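> The opening position of the sequence shown corresponds to residue 348 in the numbering used here, with each subsequent residue numbered one higher. The beta-carbon is built from N, C-alpha and C at its ideal position, and this holds for glycine as well. No experiment lies behind these values; they were computed from the predicted model shown. Pasting a structure below so you can have a look.
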Amino acid sequence: MKVNLMHGAGGEVMGELLRVITNLEHNNAGGIGLESLDDGAVIPLNGQNIVFTTDNHVVSPIFFPGGDIGRIAVCGTINDLAMMGGRPIALSCGMVIPEGFEVADLERIVASMDAALGECGASLVTGDTKVLERSALDTIIVNTAGIGVAERVVRDNGLEVGDKVIVSGTIGDHGIAIMAHREGFDFGGQIHSDVAPLWKLVERALAAGDIHAMKDPTRGGFANAINEMARKSGVGVVIEEEALPFRASVRSAAGMLGLDPLEVANEGKVVMGVAPTDAKAVLAALRSHPYGRDAAIVGEVVEGSNVVMRTAIGGERFIEPPVGDPVPRVC
348 MKVNLMHGAG GEVMGELLRV ITNLEHNNAG GIGLESLDDG AVIPLNGQNI
398 VFTTDNHVVS PIFFPGGDIG RIAVCGTIND LAMMGGRPIA LSCGMVIPEG
448 FEVADLERIV ASMDAALGEC GASLVTGDTK VLERSALDTI IVNTAGIGVA
498 ERVVRDNGLE VGDKVIVSGT IGDHGIAIMA HREGFDFGGQ IHSDVAPLWK
548 LVERALAAGD IHAMKDPTRG GFANAINEMA RKSGVGVVIE EEALPFRASV
598 RSAAGMLGLD PLEVANEGKV VMGVAPTDAK AVLAALRSHP YGRDAAIVGE
648 VVEGSNVVMR TAIGGERFIE PPVGDPVPRV C
């Protein structure tokens with residue numbers, strides 16, 4: 348089978364790829380096919396919930412204000428586990444490295460990975476490296492996979508009418524940091540990536556109240572995350588514009604770059620649907636952690652099928668999922 352994936356915008360390419368692989372016939376013993384294609388999977392084993400996830404990382408540039416490809420690789424996998432309630436246990440790492448890659452840069456990347464692992468108590472237990480000629484690859488690619496254990500599994504499709512929507516901090520930081528750095532804008536160190544491992548933050552929140560759904564707003568940002576959560580849950584969501592937390596510098600940079608910060612990735616935030624009786628307790632738990640000090644209740648789950656934002660001037664507008672990826676190669 349030959350498939351042309353080299354045409355159109357990024358979103359069209361990904362859509363074609365998903366169409367192809369989800370139309371394959373599956374011969375798995377358990378009947379689980381690629382149509383699931385979620386950030387993680389739960390494997391029941393001897394009374395425990397084993398959470399498993401994997402991801403490829405192609406961020407460009409590989410070093411950016413606030414982090415690098417090593418930190419983002421570890422944090423991305425840890426966060427995918429955490430979004431399902433999984434305490435991260437062990438990670439693997441596969442690297443594809445171009446010939447002539449600087450050893451000092453590789454050491455810096457590995458040190459970042461080690462520091463991120465140390466924050467949540469997980470270990471890197473196995474890995475692999477491949478070296479390709481420079482003509483075949485222009486920069487390093489990192490794959491990480493991880494396993495964790497969840498006492499109570501949380502999914503992104505569990506929103507219930509009446510739930511409060513909480514974000515754990517400011518929106519759009521990572522993607523704007525990447526784009527500003529790419530374009531050579533100097534904001535005096537005010538804009539940097541929020542990339543962070545979130546398990547310890549999520550652990551506090553889970554202990555504080557009943558969380559029905561979680562998702563990290565990576566590709567497509569908050570707009571994509573909240574729309575996907577609402578669609579999978581079969582509900583609507585109302586967001587209060589004035590409640591959304593933004594850094595002033597990120598708002599300004601987004602305007603200069605022509606980007607909607609709602610559609611720009613974070614790599615150290617979580618969007619939650621929380622039982623209304625527990626929302627204040629969960630918010631306080633998030634704010635008690637350094638990565639959640641800017642957490643806010645930003646909306647409510649309602650009956651319906653749309654995500655609507657009540658604007659600061661009293662109007663309403665739809666929050667639509669972005670078409671394609673507004674900021675490519677940010678993770």
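Grouping DSSP H, G and I as helix and E and B as strand, with all else coil, what is isoleucine 586?
strand
> Give the DSSP-derived three-state secondary structure of arginine 676 in the structure shown.
Looking at arginine 676 - three-state DSSP - the assignment turns out to be coil, as it is neither helix nor strand.
> Are the Cβ atoms of valine 618 and isoleucine 513 separated by less than 9 Å?
yes
> Let me check one thing: in DSSP terms, what residues is leucine 471 bridge-paired to?
Paired residue(s): Leu438.
> So the beta strand (DSSP E) alanine 560 belongs to, where does it begin and stop?
558–562
> Glycine 646 lies in the alpha helix (DSSP H); which residues open and close that run?
Run containing glycine 646: none in the alpha helix (DSSP H); it sits in the beta strand (DSSP E), 643–649.
> So what's methionine 619 in DSSP terms, helix, strand or just coil?
strand
> For proline 445 and arginine 481, which I take to be in contact (beta-carbon distance under 8 Å), what is that distance rounded to the nearest angstrom?
5 Å
> Quick check on alanine 555: does DSSP put it in helix, strand or coil?
Alanine 555: helix per DSSP, three-state reduction.
> Rounded to the nearest angstrom, how far is the Cβ of arginine 418 from that of alanine 463, given a contact under 8 Å?
5 Å
> Bridge partners for aspartate 415 per DSSP, in chain order?
Its beta-bridge partners are Phe410.
> State the DSSP-derived secondary structure class of glutamate 550, mapped to helix, strand or coil.
Three-state DSSP puts glutamate 550 in a helix.
> Which partner residues of glutamate 663 appear in the DSSP bridge assignment?
Answer by DSSP bridge pairing, in chain order: Arg657.
> My output table needs one value for isoleucine 494: the three-state DSSP class, helix, strand or coil.
strand
> For a cutoff of 9 Å on Cβ pairs, would you count phenylalanine 411 as touching chain C?
This model lacks chain C altogether; it includes just one protein chain.
> Thinking C-beta only, is valine 398 closer than 9 Å to leucine 438?
no
> Candidates Phe410, His404, Arg578: which alpha carbon is nearest methionine 442's?
His404
> Could you check which residue in Trp546, Gly531, Met431 has the C-alpha nearest to that of cysteine 422?
Comparing Cα positions, the closest option is Trp546.
> Sorted by chain position, which residues of the same chain lie with C-beta nearer than 7 Å to arginine 634's C-beta, five sequence neighbours on each side aside?
Arg640, Ala642
> Helix, strand or coil for aspartate 427 per DSSP?
Assignment of aspartate 427 by DSSP, reduced to helix, strand and coil, places it in the helix class.
> Assuming the contact rule is C-beta atoms closer than 8 Å, valine 680 and histidine 528 should be a hit. Round their C-beta distance to whole Å, please.
Absent from the structure is residue 680, since the part of the chain shown begins at 348 and ends at 678.
> With respect to the alpha helix (DSSP H) encompassing alanine 632, which residues constitute its N-terminal and C-terminal limits?
626–634
> If I measure Cβ to Cβ from proline 673 and keep anything under 7 Å in the same chain, skipping five residues before and after, which residues do I get?
Contacts found: Leu606, Glu610, Val611.
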